[in-house]
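Position one of the sequence shown corresponds to residue 141 (this note's numbering), numbered consecutively onward. Even for Gly, the Cβ is constructed at its ideal location relative to N, Cα and C. Accompanying notes for the structure given below.
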Amino acid sequence: MTMKALDSLNKHIRENKTDLRRLSDAIWTHPELAYEEKFAVSQATEYLRKAGFSPVIPYCGLETSFKAESGSGKPTFAIFAEYDALPDVGHGCGHNLICTAAVAAFCAVAAELKNKNLPGKIVLLGSPAEESGGGKVKMIEAGCLEGIDAAMMVHPSWRATPDTGSSAITRYDVVFHGKASHAAGAPELGINALSAVNLLFAGVNAYREQIPEDARMHGIITCGGEAPNITPAKASCRFFLRSTGEDWIKKIEKRFLDIVHGAELMTGATAEIIPFNVPYMSREPNAALNRTYLEGISALGMKYILPAHGGRGSSDFGNVSHAVPGIHPYFPVTDHEIPGHSEAFRIASGTDFAFDNALTAAAAMANTALTYLTDPAFKAEVDAGFKA
Ligand SMILES: [Zn+2]
Ligand SMILES: [Zn+2]
């Protein structure tokens, strides 16, 4: 794909700047949690209708999922939009910008395919509940990737980077059941469920020494008993287990469950193990898609860096990247490091700087999609990388 196409896509996006800003601000000022994103979806689909598309909503049996498509013939490239927010910090992950960039890129590619009479299909998939709920996992199970050849999305960060992968994650709630008793008067009649929780943490901390550098195990106590003078009959915790390796996540999960069992044996409490949310797979970025995205942002004046190691967070786009070639690269919302999922990140996601960079990322994403659709040699390279 020549840079001429990039310029044309970027021009299309910049021409719609005012309406795109309105879309981004509307979502940013109206944060909605997983599977409750009705307002965000109404804003995005209204934008698409005004632009001449006919979005399908609900999609995949999910009320806050949607699909729009344009073009005909093969191949088909999908762009994912996200729009869910976080408890307390609202759009502290900047998903308002993800949705805006996705809509912008979709419309630009659709216009380019139509104006130049090019074969190929561009699809926009509105995916709810990335932060908790695994919207994409449910959409894939419902068949959203059938007929899709490759996919991508862009995500805000404090810097521009390629997709460097992410961790697989599996999450558990563990509830220990013991026996209440007077903690001073008759402690011998009790079974302390909180002790089981404490021993689970101790076991996990000991195991930490034997896991790879890229693995993570982090937990919180969600219930620690009622009062110090009552032996806790019930205590619970929630753990997130992560690894960038699909093999290691299985090992860590098995050991974690063994440690839970060990805590049962050591205390006499019994454990109730409840999976929390659906597991997400690790993200396996496609090198050729990454390269083309970086060429695009560079040509538009955005500087990127190559991080020293891969991403350690987790995303349901991981499951997408195991099903089709895909990437999930980043664009900056600030010019200095700030933590994700924070008030600072929420504020940054509403600035002119962030919005402008989201449009640059959208143009580079549109260019990556269009290159895949129209350049058979590039498509062959992307597909070969995925199979390898
Ligand atoms: Zn997030
Ligand atoms: Zn996010």
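Just to confirm the assignment, what range does the beta strand (DSSP E) spanning residue i have?
| i | result |
| --- | --- |
| G266 | 260 to 267 |
| T511 | Careful: T511 lies outside any beta strand (DSSP E), inside the alpha helix (DSSP H) at 492 to 514. |
| M292 | 290 to 292 |
| F471 | 470 to 472 |
| F206 | 206 to 212 |
| S297 | 295 to 297 |
Does residue i come out as helix, strand or coil in the three-state DSSP assignment?
| i | result |
| --- | --- |
| G343 | helix |
| I219 | strand |
| F193 | coil |
| K443 | coil |
| A355 | coil |
| V400 | helix |
| M141 | At M141, the pLDDT of 49 sits below 50, so the modelled position is not reliable and the matter cannot be decided from this model. |
| S148 | helix |
| E412 | strand |
| Y199 | strand |
| T304 | coil |
| M406 | helix |
| I467 | strand |
| G525 | helix |
| I478 | coil |
| G364 | coil |
| L226 | strand |
| K519 | helix |
Just to confirm the assignment, what range does the alpha helix (DSSP H) spanning residue i have?
| i | result |
| --- | --- |
| S461 | 457 to 463 |
| T240 | 235 to 255 |
| R423 | Looking at the DSSP string, R423 is not in any alpha helix (DSSP H), and its letter there is neither H nor E. |
| E186 | 178 to 190 |
| V277 | 275 to 281 |
| R382 | Run containing R382: none in the alpha helix (DSSP H); it sits in the beta strand (DSSP E), 374 to 383. |
| T310 | No alpha helix (DSSP H) contains T310, which is instead part of the beta strand (DSSP E) from 308 to 317. |
| I370 | Segment: none, I370 is in no alpha helix (DSSP H) and carries neither H nor E. |
| A166 | 157 to 168 |
| I487 | 483 to 488 |
Output yes or no for whether 8 Å exceeds the beta carbon distance between residue i and residue j.
| i | j | result |
| --- | --- | --- |
| S306 | G458 | yes |
| A124 | A174 | Past the boundaries of the shown model lies residue 124; the chain is included only from 141 to 528, so the question cannot be answered. |
| G436 | A517 | no |
| F220 | D289 | no |
| A248 | A494 | no |
| V229 | H449 | no |
| N369 | A324 | yes |
| E271 | C233 | yes |
| L226 | A208 | no |
| R423 | F380 | no |
| A291 | G466 | yes |
| K276 | S267 | yes |
| D224 | E177 | yes |
| A245 | A509 | yes |
Between the segment 509 to 528 and the segment 492 to 501, do at least 3 Cβ pairs fall closer than 8 Å? no
Is the number of C-beta pairs between the segment 198 to 216 and the segment 248 to 261 that are closer than 8 Å three or more? For the pair of segments examined, the segment 198 to 216 was found to touch the segment 248 to 261: the number of CB pairs separated by less than 8 Å reaches three.
For the segment 278 to 288 against the segment 167 to 175, are there 3 or more C-beta pairs whose distance is under 8 Å? Remark: fewer than three beta-carbon pairs, one from each stretch, lie closer than 8 Å, so the segment 278 to 288 and the segment 167 to 175 are not flagged as touching.
The segment 401 to 414 in contact with the segment 451 to 467 per 3-pair CB rule at 8 Å: no
Contact between the segment 433 to 448 and the segment 359 to 370: three or more CB pairs below 8 Å? no
Using 8 Å as the Cβ pair cut-off and three pairs as the minimum, do the segment 368 to 382 and the segment 322 to 333 touch? Judged by Cβ distances under 8 Å, the segment 368 to 382 makes contact with the segment 322 to 333, as three or more pairs qualify.
The segment 179 to 187 contacting the segment 148 to 167, beta-carbon criterion three pairs below 8 Å: yes
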